[in-house]
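Since the structure comes first, as structure tokens, the remarks are kept for the end.
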Amino acid sequence: MSCCDTLLTADDMNEFSRLVAKRLAAFLRTLRDNAFAVGLKEGQDAASLMQTEMATRPDLLRSAFKHLFCARKADWDRFDGVFDAFWLGKHLRSRAIVSDASKPSGSSQAQAAADDARSGPALGDQLPKSDETDDRAGGSEGRMEGASRVESLQQTDFRKLSDPDAIEKAHMIAARLAAAMRVRLTRRDVARRKGYRLDLRRTIHRNVSHGGVPINPVRRRRKTKPLRLVMLLDASGSMSMYTGIFLRFMHGVLDAFREAEAFLFHTQLAHVSDAMKERDAARALDRLSMMVQGAGGGTRIGECLQTFNRAYAERVIHSRTCVMIVSDGYETGDAALLGREMAALARRCRRIVWLNPMMGWDGYTPEASGIKAALPYVDLHAPAHSLESLAALEPYLAKL
Amino acid sequence: MSSTRSDSHDKNGLLSGNGEGAKRGEVLPRQVITERLVAAGYIADRNLATAIALMQMLGRPLLLEGEAGVGKTEVAKALAIAHETELIRLQCYEGLDQSAALYEWNYQRQLLAIQARQGMDAAEIERGIFSEDYLLERPLLAAIRRPRPPVLLVDEIDRADEEFEAFLLELLSDFQISIPELGTVRATSIPHVVLTSNGTRELSDALRRRCLYHYVDYPDVDREARIIMARVAGAGASLALQVARLVEKIRKEDLRKVPGVAETLDWAAVLVGLDIVDLHAEPETVHETLMCLLKTREDRVRISREVTERLLGRVA
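What follows is the structure in structure tokens.
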């Protein structure tokens, strides 16, 4: 190696490479702390790059490391800051980036949102036994035909859930429901499609002895395509009673559906699929809490939909996509804009389902300007105030 | 793996080479890469040249992400020219399966062969028709069997299904494939692999981590002007700069389909064809030819005559 002008002894060289290795290891740790997915192989490759002439040229090394360690656009945009902070000591600009990314959870705000749904009268002894809920989730029609204790929890308006245990159970049911929904969807898909095509390779194999005449044709079943579900969850103040449970439901859906995307909105729209893919549901809630915190300044559904249509729709929507909006439809922005954006959305996707917690309330009529503007473009406007109402959606979704 | 089977079929000449000894592409210095890319008509930024150098040093595929029309596919084409090698392209789509990507048997010829050999032993016939002669190479098989390492472009990998992505991952790490009737085919040469994605679907972490990543952005005015001059015969520096500036402004407007580099080149070619040297002198023609850039009715309406003039006015 000849990266220095002076001649180095073997010992000096060893010392030098040890220092470099140590420094590199520290950098890899910094990257991991900043949520870069850096594996062993990347570390090895980086080490081998440090042995080339690149090590002597910071700009070149940065560019090389950037290609090596980034895996997506978000990484790409953050990398320079992290690199400069570590190697060039540019603390001012970079520290914000580093701290911002390394502490997505655990903030004092985090707890607040997780506690969101914990208000109202206690549910007391209405907890279901876990085996009963198991039965229900795997039940034949996805209907609530279980023990009465289960039923009572399932029919309880989410607003009235307050006991932490009760909330926990409700969350579990929501997650299982989402899983059951997915299984059912896939199975029905297979049974319904009768399309077959000839498997020429196997047919020829089998019919060589008949001189190639396909007496015993081999057929192939057409591969079934999964339905894609895009959920847009209203996390505004008026929905705060429901946000916790729907977040959990969304988590279950993302976990169960291979193709699902999740968004939160209040005054702004946030793409939260990645945060939701956290295996631990409680931690996923934590990670999301900050986004939920923005709630309270009203709901600009129209503007959020506009952002969605512009920035995300092309990517996340294809012809077999069902968009599920969970909102009470209280629009504090421009209702006409909401109507226009709903029309644009309806052109793109196969179905729009609007889940409205308010519909479960006695005497509710969709009078709010937002929901009135949106309804013409909605294929299904359904109540979603209890687990039962969510489960009732399943047969509908299965038909998509 | 069906290793016993593969030995007996070695006479097909299919199984030459192996994973270890397979040829890797030559390693070109960064300077040479940049020069050759320019010669190939691709004006690369410094970052991209580094990425390509890394591809060669580490033997990893290069994943290019970016908006449609920023020239991701062009990178692969230019890379093939730079390496003076063949470009093999696999266009991905939903439902793409192994038979379309890897290999297919020539069924018509197989049927004819079976009928021609009627009366022979069935096993004998079968051995005959499942041999190299009846094998149709598809891009992936072709890419690993070339004597000289080609550039393999896996275009729009995000359109393919997840299963295919997983299969591709396996192929790109082992550089060998197994054909049930023939055995294992090992790579003769290891291709330079370029994958592109528009973000239609989120790619798996496994694939991302195997690749080097490069985000391709719209070129800045200066680079776009140089691209125009390199690609459009007859475009002078002044016109190229004006076009690049106006396109940059149009991209900032609120559009459904933001024009890509290819659209810019089309438009520049049209302007050159109409003998226009100064955009300011011909606002009318400029507006009428904007159809080269704006591909939806809504966008066409949005960039009205007035808007064109306003944008032109700002073009210094």
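Chains as they are written, first to last, in the UniProt record's numbering: chain A, 1 to 400; chain B, 1 to 316. By construction, the Cβ of each residue, glycine as well, lies at the ideal position given by its N, Cα and C atoms. All values derive from a computational prediction rather than experimental measurement.
For residue i and residue j, what's the separation of their Cα atoms in angstroms?
i        : j        : result
B:His9   : B:Leu182 : The predicted position of B:His9 is uncertain, since its pLDDT is 41 and thus under 50; a value taken from the coordinates is nonetheless stated next. Spanning the two alpha carbons is a distance of roughly 7 Å.
B:Ile303 : B:Cys292 : 13 Å
B:Asp121 : B:Leu112 : 16 Å
A:Ser236 : B:Cys92  : 40 Å
B:Leu136 : A:Trp76  : 40 Å
A:Phe65  : A:Glu42  : 9 Å
B:Val307 : B:Glu288 : 13 Å
B:Pro219 : A:Ser63  : 18 Å
B:Gly95  : B:Arg146 : 27 Å
A:Arg192 : A:Ile317 : Any answer about A:Arg192 is weak, because its pLDDT of 41 lies below 50 and its placement is not dependable; what the coordinates show is given next. One C-alpha to the other measures close to 23 Å.
A:Leu390 : B:Phe167 : 37 Å
A:Arg136 : A:His266 : With a pLDDT of only 35 at A:Arg136, under 50, the local geometry of the prediction cannot be trusted, and no value is derived from it.
A:Phe79  : B:Ser238 : 36 Å
A:Gly142 : A:Ala392 : Low confidence applies to A:Gly142: its pLDDT is 31, below 50, so where it sits in the model is not reliable, and the reading given next is rough at best. Cα to Cα, the separation comes out at about 7 Å.
A:Glu367 : A:Phe263 : 25 Å
B:Val38  : B:Asn47  : 14 Å
B:Ile179 : A:His251 : 41 Å
B:Arg148 : B:Ile52  : 18 Å
B:Ala160 : A:Thr243 : 35 Å
A:Arg93  : A:Phe27  : Confidence at A:Arg93 is low in this model, with a pLDDT of 41, below 50, so its placement is unreliable and the value that follows should be read with caution. Between A:Arg93 and A:Phe27, the C-alpha separation is close to 17 Å.
A:Cys322 : B:Arg310 : 41 Å
A:Lys73  : A:His67  : 11 Å
A:Ala227 : A:Gly89  : It should be pointed out that residue 227 of chain A corresponds to Leu in this sequence rather than to Ala. If I take the Cα positions, the gap works out to 49 Å.
B:Ile88  : B:Val151 : 6 Å
A:Leu127 : B:Gly66  : Here the model assigns A:Leu127 a pLDDT of 33, short of 50, so the residue's position is not dependable, and the following value carries that caveat. The alpha-carbon atoms of A:Leu127 and B:Gly66 are separated by roughly 50 Å.
A:Leu233 : A:Ala336 : 20 Å
B:Asp299 : A:Arg32  : 43 Å
B:Ser197 : B:Leu54  : 20 Å
A:Leu305 : A:Phe246 : 19 Å
B:Ala230 : A:Arg348 : 39 Å
B:Tyr134 : B:Ala116 : 15 Å
Which residues of chain B have a Cβ atom closer than 7 Å to the Cβ of residue i, listed in chain order?
i                      : result
A:Ala391               : Neighbours of A:Ala391 on chain B: none; closest Cβ ~28 Å, over 7 Å.
residue 420 of chain A : With chain A covering 1 to 400 only, the question about residue 420 of chain A has no answer from this structure.
A:Cys70                : Tyr213
A:Gly212               : Leu111, Ile114 and Gln115
A:Leu60                : Thr50
Interface residues of chain A around residue i at Cβ under 7 Å?
i        : result
B:Asn47  : Ser63
B:Gly199 : Arg315
In chain B, which residues lie less than 9 Å from residue i when you measure between Cβ atoms?
i                      : result
residue 405 of chain A : No information on residue 405 of chain A is available, as it lies outside the stretch 1 to 400 that chain A covers here.
A:His271               : The contacting residues do not exist; A:His271 stays about 10 Å from chain B at best.
A:His381               : By Cβ distance, chain B contributes nothing, its closest Cβ being about 28 Å from A:His381, past 9 Å.
Quick one: list the residues of chain B neighbouring residue i, beta-carbon separation under 8 Å, in chain order.
i        : result
A:Ile204 : Trp105, Tyr107, Gln110, Leu111, Ile114 and Ile129
A:Leu200 : Trp105 and Tyr107
A:Ser209 : Ala122
A:His251 : Ordered by position in chain B, no residue passes the 8 Å Cβ test against A:His251, which lies about 17 Å from the chain.
A:His266 : Within 8 Å Cβ-Cβ: nothing; A:His266 doesn't reach chain B, min ~23 Å.
How would you list, in chain order, the residues of chain A whose beta-carbon sits under 8 Å from the beta-carbon of residue i?
i        : result
B:Asp205 : Ala37 and Ala71
Three CB pairs or more closer than 8 Å across the region 73 to 83 of chain B and the region 133 to 145 of chain B = no
Got a sec: which bits of the region 74 to 92 of chain A sit with their beta carbon under 9 Å from any beta carbon on chain B, in order along the chain?
-> Asp75, Trp76 and Asp77
Identify every run of the beta strand (DSSP E) within the region 99 to 176 of chain B, keeping only runs that are complete inside it and at least 3 residues long; order them along the chain.
-> 103 to 105, 135 to 137 and 151 to 155
Name, going along the chain, the residues of the region 51 to 72 of chain B whose beta-carbon falls closer than 7 Å to a beta-carbon of chain A.
-> Ala51, Leu54, Leu58 and Glu65
Below 8 Å, can you find three or more Cβ-Cβ pairs linking the region 224 to 237 of chain B to the region 261 to 280 of chain B?
-> yes
Are at least three pairs of beta-carbons, each pair with one atom in the region 242 to 256 of chain B and one in the region 216 to 227 of chain B, less than 8 Å apart?
-> yes
What residues in the region 108 to 134 of chain B have a beta carbon less than 7 Å from any beta carbon of chain A?
-> Gln110, Leu111, Ile114, Gln115, Gln118, Ala122, Ile125 and Glu126
Go through the region 185 to 271 of chain B residue by residue and report every complete run of the alpha helix (DSSP H) that reaches 4 residues or more, in order.
-> 205 to 210, 221 to 231 and 237 to 252
Is there contact between the region 193 to 210 of chain B and the region 166 to 180 of chain B, where contact requires at least three CB pairs shorter than 8 Å?
-> yes
contact_flag[the region 382 to 392 of chain A, the region 346 to 363 of chain A] where n(CB pairs < 8 Å) is 3 or more = yes
Any chance you could list the beta strand (DSSP E) runs of at least 3 consecutive residues sitting entirely within the region 6 to 89 of chain B, in chain order?
-> 62 to 65
What residue ranges within the region 294 to 338 of chain A form continuous alpha helix (DSSP H) runs of no fewer than 4 residues, ordered along the chain?
-> 301 to 307 and 313 to 316
Determine, using beta-carbon pairs with one atom in the region 99 to 107 of chain B and one in the region 61 to 68 of chain B, whether at least three such pairs fall under 8 Å.
-> no
Near-chain A residues of the region 207 to 231 of chain B (beta-carbon distance less than 7 Å), N- to C-terminal order = Arg208, Arg209, Leu212, Tyr213, His214 and Tyr215
Can you find at least 3 beta carbon pairs, one from the region 182 to 191 of chain B and one from the region 32 to 47 of chain A, that sit closer than 8 Å?
-> no
Would you check if there are 3 or more beta carbon pairs closer than 8 Å linking the region 198 to 211 of chain A to the region 326 to 341 of chain A?
-> no
Complete beta strand (DSSP E) runs within the region 225 to 273 of chain A (minimum length 3 residues, chain order) = 228 to 234, 260 to 265 and 269 to 271
Between the region 357 to 388 of chain A and chain B, which residues of the former have CB atoms less than 7 Å from a CB of the latter, in chain order?
-> none
Could you give the uninterrupted runs of the beta strand (DSSP E) lying entirely in the region 21 to 86 of chain A, keeping only those of 3 residues or more?
-> none
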